[in-house]
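Residue numbers (our numbering), protein chains in the order written: chain A, 140 to 465; chain B, 140 to 465; chain C, 140 to 465; chain D, 140 to 465. For each residue, glycine too, the CB sits at the ideal point set by N, CA and C.
Protein chains: 4
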Amino acid sequence: MADLRVPVVAQLAHVELLTPKPDESLWFFTKLLGMSVVHQEGQSVYLRAYEDWFLWTLKLTEAPQAGLGHAAWRVSAPELLDEAAAAIEATGLGLGWQESEYGGGRAYRFRMPDGHRMELIWDLEYYQAPEDQRSALKNRPQRRPLDGVPVRRLDHINCFVSDVEVHEAFLRNYLGFKLRETKIGGDGKKVGSWLSVSPLVHEIAVMRDGTGQGNRLHHIAYWYGYPQHCYDVADACRDWGIKIEAGPGKHGTTQAMFLYVFEPGGNRVELWGDAGYLIFDPNWQTVVWDVSHESDLYSSTVWLGASTMPESFYTYGTPEKVTVGV
Amino acid sequence: MADLRVPVVAQLAHVELLTPKPDESLWFFTKLLGMSVVHQEGQSVYLRAYEDWFLWTLKLTEAPQAGLGHAAWRVSAPELLDEAAAAIEATGLGLGWQESEYGGGRAYRFRMPDGHRMELIWDLEYYQAPEDQRSALKNRPQRRPLDGVPVRRLDHINCFVSDVEVHEAFLRNYLGFKLRETKIGGDGKKVGSWLSVSPLVHEIAVMRDGTGQGNRLHHIAYWYGYPQHCYDVADACRDWGIKIEAGPGKHGTTQAMFLYVFEPGGNRVELWGDAGYLIFDPNWQTVVWDVSHESDLYSSTVWLGASTMPESFYTYGTPEKVTVGV
Amino acid sequence: MADLRVPVVAQLAHVELLTPKPDESLWFFTKLLGMSVVHQEGQSVYLRAYEDWFLWTLKLTEAPQAGLGHAAWRVSAPELLDEAAAAIEATGLGLGWQESEYGGGRAYRFRMPDGHRMELIWDLEYYQAPEDQRSALKNRPQRRPLDGVPVRRLDHINCFVSDVEVHEAFLRNYLGFKLRETKIGGDGKKVGSWLSVSPLVHEIAVMRDGTGQGNRLHHIAYWYGYPQHCYDVADACRDWGIKIEAGPGKHGTTQAMFLYVFEPGGNRVELWGDAGYLIFDPNWQTVVWDVSHESDLYSSTVWLGASTMPESFYTYGTPEKVTVGV
Amino acid sequence: MADLRVPVVAQLAHVELLTPKPDESLWFFTKLLGMSVVHQEGQSVYLRAYEDWFLWTLKLTEAPQAGLGHAAWRVSAPELLDEAAAAIEATGLGLGWQESEYGGGRAYRFRMPDGHRMELIWDLEYYQAPEDQRSALKNRPQRRPLDGVPVRRLDHINCFVSDVEVHEAFLRNYLGFKLRETKIGGDGKKVGSWLSVSPLVHEIAVMRDGTGQGNRLHHIAYWYGYPQHCYDVADACRDWGIKIEAGPGKHGTTQAMFLYVFEPGGNRVELWGDAGYLIFDPNWQTVVWDVSHESDLYSSTVWLGASTMPESFYTYGTPEKVTVGV
């Protein structure tokens, strides 16, 4: 009875972003989003938000082009790691076991069908705050930072894909994700799916890449949970030269209060200022939007705050052009 | 490998409150909290918040004394219902299978060790909004009400108990709850535990009844998720004669933005205006507060907004006096 | 020394809106914005927001076309009434002394150069809440309503005019307004001016009517002062069929958190959810935006929340077509 | 006709705080409240909030004891400066014309009856942001800072006095303040008065010093205008060792969302997170609270958020002990 087992994946553990402008990207994440540097190694800097429990959730790596380095999923139990790796291995999408990375144990690397690199992992080091960073609030691993409008924790990742159905199936079949919301376009094909392994509406979304390329990053998202913070960080972005693509506004899908900005390296970053809604029903029926209908398009995309998303939202991803063979 | 199975319980399905002032209680829940009446039967009225997915989450029943009628927990899968019932039956706390109630299927009734009545259930009718209540926002089962400061969904229940350890063990062993946060008093005994089966920090808390009685309701909580709404409803309570006990303020425990009021029947109701923090780690280490230490007491109870909770918070529950044999 | 005298006008006292759909308009203002009816007379209904000090601030009058009935300005002292009336009389724009209207004393009616009807008044009846509407909060004239997302007070009026400079001059010369912010278009002519007699950035704005007609109402605004309420009322509008034109978003000009909706009669209504900024400097230097420059256009119009305002914002006013001779 | 003249005073221009811990105080105002240092001279540092229009609004001066250095009031017009000074001179409370201070012109120093030092001034230098601090938002004199939870502007001052009536009369008679709200205690004497020269409910309050000393500072206040920011800065204070005395909560008087903290030097600082209510009526009737009655005491002091203010609120001021002859 598969339903009685916990899903393979339990949580999004971290993401690696590639940036051609490492100094500017670092400024953005530390001075504007209030993240802390915990480690530097090679061309990479490791960062954390103040309510992330693991040592780090963001690895910034210098690279010729912006894009996703990899995303790491923590499994629900150590026993599941080899089993899940073997199942993926059998699909031909496996890349093999990875050398331990800073703050983590053995990890199994693989590609999604389009090529997005991901890994499964169990062992992750927890952050232990030094004395001068320790909060009296014991469910907060680190004092609230005094830089920028500090994000609280990593929330989700959104991938531009060439075929939504294919990726949705992969996530459901091999990682245990459940389909929470989905959008169907005029051709009857899906244009986006939101999937999760927890009451969050998504830890991952896959959206149809308007350029047809796929294998690109649409965005990563850090979480505030308070609407005002979306406004605060948008205000700071306006004043400090960070380009806002859209928002603050409120999606219908996921009930997210969103702000989309481009970090200086070119990657889209979402800041999420909403509690959203949560799914506790083990028998959840997927919310289906038919975005070929005006009402569903408007309600799902921009419930509040603007009438439409800018064109770039449907066509811009990182890298801008996918190199064959990467 | 128990860890790989989903917990017995998936979600809090509904609560029944007893009230000696049914009309006034109904006014409070409908006009001030914006809940809708979906059914009336005998001495009971069935109510729903606008983002509750099931038909109803609150049953108000006229009774000589305020208190908890019962709380219903939905299991994670239909296959778990009989198995879980049998396990409880074996403890001697079972009350047997219940006739179907409005909007629900067969349910197994039992008592917690102190006597709080609860039930396990799987089949629950979903709310189908009539045309004039249907929202274009498809992940919202009903239009946002235009009465009062409308609550969004049922969140949790908090029970006053004679012995925290005993109830915590029952919840963990028979219902699958995990211990998220706990407070230890000066005598080394626990004074409160917060437990959940989801990333929420709690769907149920058990707190030591300062009068020693136990078997009482401390409060039920409905959720907003937006801090301003705690202020709005507090403002409305001040203007419309509903007694506020404490808040708006922010607990350290659960990071709740709270408001505690007494509905006219005498039951304490919490309105929760925070996203809180969520627990995604399958290997979560319980947050332990030692409230015999000033710092932990202050930080866990009232992180923001007031220096202490009023005395009544530790001694008032419903009913005020527990009748032997109930 | 003119600077040492208080301005002729002290405050916006009330507005009259014309509506071809009086029942639907009344529903909007009472059920969605939580305003109270205090009087009905002829084809008019008189309404108040709960923190309006005067008996009423909105008169809804049935009429074939939507539009502004009139706006009333209270003078700074009774001694100024006749003096100001005489000055306007001399311009030829006077319409003479008006019969007392419900809740008010003698009033001098006049037209702005385009034709918008206005009046000067001193005596206005204050609202005395009946026992069941009296708040314990003594600086609040009425309990917080339990309908909709209740607006707090009338804030300002915005008139579409054929020539900004002409109207700005009239408001400065005859009513004592000061120019707080102004926008200059590509032709070197002003496209909008924001004027006030108080630290508010404006009690009145005049904007160039994109259709060239002038003599139309752009919008009236009621005030919340809390950003969340703009989101709440927008959410309610989406769910209850009220068309949102723009927002929630934040203008640069005035730092307003705005929501523009069309009440069922067709008049644009702004809901303002911001503290804004206030002007205390008696020597204020007008903020000048050159909206022929992209940066000023973007920053003044939509500091946060959307990239542009919809076209209708520049061309739609009420009535849609101005009848000659009205 | 005195009513037709603008009040002598137009705005609170700046305050000087004395601190025995200048480094720690500076850390608080810059790192936690996001203020900028614009000048240092002798034992003083000059600071500004990012929406202050003048060069500075806070002067921090090292001194053996905490307390108020002085507060500066800008007159409504340059013509009023000598006239107002002469009137005060005649009362015997004058201290004479002051040498120009950094960023300001000639100022007339005087004492309030208890001894609080104040000055009248007209010429004040405006802040001109250097290129890297210039905001595209033209009604914002400086970019939003990226340190702490940045305050927007100086709001008001609250003085502990030995006799409320005496100080209220002085402020009304010599500076043009109007009495907006007042509290009367059990002995029929006033315990506090809130006065303003603008629609703000107060730029200055005088409260009865519970120790009987008078001539002390109760607090100065900086303004946010957004409720969330009160919570944010309170959260930061908890995490970074700044003692919170009370709040976040909402006063009835002025409808302030307040947070009271002690800056490291010992002075009480209020952070104000509310739009409050504004007074536009030239004929305003003072709101009178009789705080010997429970209802008025509760409603005026703590409308929302806590049941009472701590005892220190009524007895602690700076300096703790007033030295005779200072």
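Between the C-alpha atoms of residue i and residue j, what's the straight-line distance to the nearest angstrom?
i: Ala-275(B); j: Asp-413(A); result: 19 Å
i: Asp-271(D); j: Val-176(D); result: 15 Å
i: Ala-246(D); j: His-209(D); result: 12 Å
i: Pro-449(D); j: Ser-438(D); result: 16 Å
i: Arg-291(A); j: Thr-392(B); result: 17 Å
i: Val-441(C); j: Ile-418(C); result: 21 Å
i: His-255(D); j: Pro-458(B); result: 56 Å
i: Glu-163(B); j: Leu-197(B); result: 15 Å
i: Ile-260(A); j: Glu-218(A); result: 11 Å
i: Ala-224(B); j: Val-303(A); result: 42 Å
i: Arg-273(A); j: Phe-316(D); result: 47 Å
i: Asp-262(C); j: Val-147(C); result: 15 Å
i: Thr-350(B); j: Val-461(B); result: 11 Å
i: Arg-279(B); j: Gln-394(A); result: 9 Å
i: Phe-299(C); j: Asp-326(C); result: 18 Å
i: Glu-469(D); j: Gly-404(D); result: A question about residue 469(D) goes unanswered here, because the residues of chain D that appear run from 140 up to 465.
i: Cys-369(A); j: Cys-376(A); result: 10 Å
i: Ala-141(D); j: Val-145(C); result: For Ala-141(D), the predicted model reports a pLDDT of 45, less than 50, meaning its position is unreliable; a value from the coordinates is still stated below. When rounded, the distance between both Cα atoms is 10 Å.
i: Trp-236(A); j: Phe-309(A); result: 19 Å
i: Thr-321(C); j: Phe-249(C); result: 25 Å
i: Gln-424(D); j: Ala-385(B); result: 33 Å
If you check the beta carbons only, do residue i and residue j fall under 7 Å apart?
i: Leu-157(A); j: Ala-188(A); result: no
i: Gln-126(B); j: Arg-213(B); result: Because chain B spans 140 through 465 in this model, residue 126(B) falls outside it and cannot be assessed.
i: Pro-289(C); j: Gly-173(C); result: yes
i: Ile-227(D); j: Tyr-313(D); result: yes
i: Gly-99(C); j: Leu-194(C); result: The requested residue 99(C) does not occur in the structure, where chain C is confined to residues 140 to 465.
i: Val-184(D); j: Leu-199(D); result: yes
i: Ile-466(C); j: Ile-296(C); result: Outside the displayed span of chain C (140 to 465) sits residue 466(C), for which this structure offers no information.
i: Gly-353(C); j: Asp-253(C); result: yes
i: Leu-436(D); j: Val-430(D); result: yes
Quick check on the DSSP output: the alpha helix (DSSP H) that includes residue i runs from which residue to which?
i: Leu-219(C); result: 219 to 228
i: Ser-451(C); result: 451 to 454
Less than 8 Å between the CB atoms is what I'm expecting for residue i and residue j, so what's the real figure, rounded?
i: Leu-293(B); j: His-153(B); result: 7 Å
i: Pro-421(A); j: Ser-451(B); result: That belief does not hold up - the Cβ atoms of Pro-421(A) and Ser-451(B) are roughly 38 Å apart, past 8 Å.
i: Tyr-361(A); j: Leu-410(A); result: 6 Å
i: His-306(C); j: Met-251(C); result: 6 Å
i: Ser-337(C); j: Pro-338(D); result: 5 Å
i: Pro-366(B); j: Gln-367(D); result: 6 Å
i: Trp-379(B); j: Leu-186(B); result: With 8 Å as the limit, Trp-379(B) and Leu-186(B) do not qualify as a contact, their Cβ atoms being about 18 Å apart.
From which residue to which residue does the beta strand (DSSP E) around residue i run?
i: Ser-335(D); result: 329 to 335
i: Thr-200(B); result: 197 to 201
i: Arg-347(B); result: 343 to 347
i: Gly-353(C); result: Neither: Gly-353(C) is in no beta strand (DSSP E) and is coded neither H nor E.
i: Trp-212(C); result: 206 to 214
Ordered list of alpha helix (DSSP H) runs contained in the segment 356 to 434 of chain C, each at least 4 residues: 366 to 378
Sequence ranges, alpha helix (DSSP H) only - wholly within the segment 237 to 323 of chain B, length at least 4: Those alpha helix (DSSP H) runs which fall completely within the segment 237 to 323 of chain B and span 4+ residues are 303 to 314.
Entirely enclosed beta strand (DSSP E) segments - the segment 155 to 189 of chain D, minimum 3 residues: 175 to 180, 183 to 187
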